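Residue numbers (this note's numbering): 13 to 77.
Quick reminder that beta carbons are idealized off the backbone N, C-alpha and C, glycines included.
Please read these numbers as outputs of a predicted model, since none were measured by experiment.
What follows is one structure encoded as structure tokens, with my remarks underneath.
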């Protein structure tokens, strides 16, 4: 994940300027994470085939029970 530093207006105080830059970079990271979550939420997991499925179908077909 790349961190983009956005140019912010300087306030004259070094600590406040650093906090503003960090805040903007965290906001950008949050937006990227939100996009990733939305993208992964679109996909559904594949259904797993049970090994007993064929056996159960055979039992039903021939009324073995």
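Our two residues, residue 41 and residue 59, have alpha carbons roughly 33 Å apart in a direct line. A Cβ-Cβ distance of about 6 Å is found for the pair residue 29 and residue 23, placing them in contact under the 8 Å criterion.
Going by DSSP, residue 56 is part of no alpha helix (DSSP H) at all; its letter is neither H nor E.
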